[in-house]
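Student:
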Amino acid sequence: AQKVTQAQTEISVVEKEDVTLDCVYETRDTTYYLFWYKQPPSGELVFLIRRNSFDEQNEISGRYSWNFQKSTSSFNFTITASQVVDSAVYFCALKDRGAQKLVFGQGTRLTINP
Amino acid sequence: DTAVSQTPKYLVTQMGNDKSIKCEQNLGHDTMYWYKQDSKKFLKIMFSYNNKELIINETVPNRFSPKSPDKAHLNLHINSLELGDSAVYFCASSSDRHTEAFFGQGTRLTVV
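Chains B and E, in that order, are what the protein sequence lines are.
Counted from 1, the first sequence has number 91 at position 91 by the working numbering; the numbering is strictly sequential.
One gets the working numbering by counting positions in the second sequence from 1 and adding 1000 to each.
1) Output needed for residue 70 (chain B): all residues of its chain with C-beta closer than 8 angstroms, excluding positions within five of it in sequence on either side, in chain order.
2) Going by the CB atoms, is the gap between residue 4 (chain B) and residue 13 (chain B) shorter than 8 angstroms?
3) For residue 1099 (chain E), would you say it is in contact with chain B, using Cβ-to-Cβ distances shorter than 8 angstroms as the test?
4) If you follow the beta strand (DSSP E) that residue 1012 (chain E) is in, where does it begin and where does it stop?
5) Could you spell out where the beta strand (DSSP E) holding residue 5 (chain B) opens and where it closes?
6) Listing by chain order, which chain B residues have their CB less than 9 angstroms from the CB of residue 1041 (chain E)?
7) Spatial neighbours of residue 51 (chain B) within its chain, please: CB distance less than 6 angstroms, with the 5 preceding and 5 following residues excluded, ordered by chain position.
8) Just verifying my parser: in three-state terms, what is the DSSP assignment at residue 96 (chain B)?
9) Which residues in chain B have a C-beta closer than 7 angstroms to the C-beta of residue 1059 (chain E)? List them in chain order.
10) I want to verify the contact list: residues of chain B whose CB lies under 8 angstroms from the CB of residue 1115 (chain E), in sequence order.
11) Find the residues of chain B that neighbour residue 1031 (chain E), judging by a C-beta separation of less than 8 angstroms, and give them in chain order.
12) Beta strand (DSSP E) containing residue 1062 (chain E): first to last residue?
13) Just to confirm before moving on: does the CB-CB distance between residue 1104 (chain E) and residue 1023 (chain E) stay below 8 angstroms?
14) Mind listing the chain B neighbours of residue 1103 (chain E)? Cutoff is C-beta to C-beta under 7 angstroms, in chain order.
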């Protein structure tokens, strides 16, 4: 069965601090896809990144970086030099190769204080 | 030029009523979805359609009926609304089942 766990329910940091959001997943499939989405206070869901199970390269996009480690079934997300605009709920999600649906984690509410 | 658009954005209605939420995507995607986000922010799949064909019906009460008149549209009709149906409903689409889904802005349904 597929499962995604985001153990951090809420994180609060001061602006310019670095922050890492944890994501641990479970799947029996050998081919799968991992995602991160951002839900700002306005409510929409914004796609951030997709990672395929056969590509363990870490990714950096500006202040955002993602660390994918199959050995620990983790796909963590780090924001460097956080800004108030980064305040949002962040969701990690998993899709097995054979599945037609995203399975989401519980979300982590990130608050960046000025 | 919104990619996935839902209407209405807000819906307040009384118990027992029937309501519909419309969704359209202009991305040329083959697969569309309905997700429900509850008050604790938990997101769960309800339905998935591929080329107008129902692929997933995730144990949703049959008061909920999706309809896909064409690949670009997936509407959600809800009969006999109950208090527990209050949630945010998101429509989404993806080019195929392996790729990321793009979401509409959500419809906040409040049943009173």
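The beta carbon of each residue, even a glycine, is placed where N, CA and C say it ideally should be.
Tutor: Per the coordinate set shown:
1) On the first sequence, position 70 is the one that residue 70 (chain B) refers to. Result list for residue 70 (chain B): 53 and 56, in chain order.
2) Locating residue 13 (chain B) in the first sequence gives position 13, where the first residue counts as 1. Locating residue 4 (chain B) in the first sequence gives position 4, where the first residue counts as 1. No, these two residues do not count as a Cβ contact at 8 angstroms.
3) Taking the second sequence and counting its residues from 1, the one referred to as residue 1099 (chain E) is at position 99. Chain B contact via Cβ: present.
4) Your numbering for residue 1012 (chain E) matches position 12 in the second sequence. That run of the beta strand (DSSP E) goes 1010 to 1013.
5) Taking the first residue of the first sequence as position 1, residue 5 (chain B) is located at position 5. Per DSSP, residue 5 (chain B) belongs to the beta strand (DSSP E) from 3 to 5.
6) Reading the second sequence from its first residue, position 41 is the one you call residue 1041 (chain E). Correct list: 39, 89, 91, 106, 107 and 109.
7) Your numbering for residue 51 (chain B) matches position 51 in the first sequence. Within the same chain, residue 51 (chain B) has close Cβ partners 34 and 68.
8) Numbered from 1 along the first sequence, position 96 holds the residue referred to as residue 96 (chain B). It is a strand residue.
9) Stepping through the second sequence from its first residue, residue 1059 (chain E) is reached at position 59. Within chain B, no residue comes near residue 1059 (chain E); the closest Cβ sits about 12 angstroms away, beyond 7 angstroms.
10) The requested residue 1115 (chain E) is not part of the displayed model; chain E covers only 1001 to 1112.
11) Taking the second sequence and counting its residues from 1, the one referred to as residue 1031 (chain E) is at position 31. 100, listed in chain order.
12) Counting from one through the second sequence, the residue named residue 1062 (chain E) turns up at place 62. No beta strand (DSSP E) holds residue 1062 (chain E); DSSP gives it neither H nor E.
13) Taking the first residue of the second sequence as position 1, residue 1104 (chain E) is located at position 104. Taking the first residue of the second sequence as position 1, residue 1023 (chain E) is located at position 23. Taking 8 angstroms as the Cβ cut-off, residue 1104 (chain E) and residue 1023 (chain E) qualify as a contacting pair.
14) Within the second sequence, numbered from 1, the residue matching residue 1103 (chain E) stands at position 103. Those within 7 angstroms of residue 1103 (chain E) in chain B are 44 and 45.
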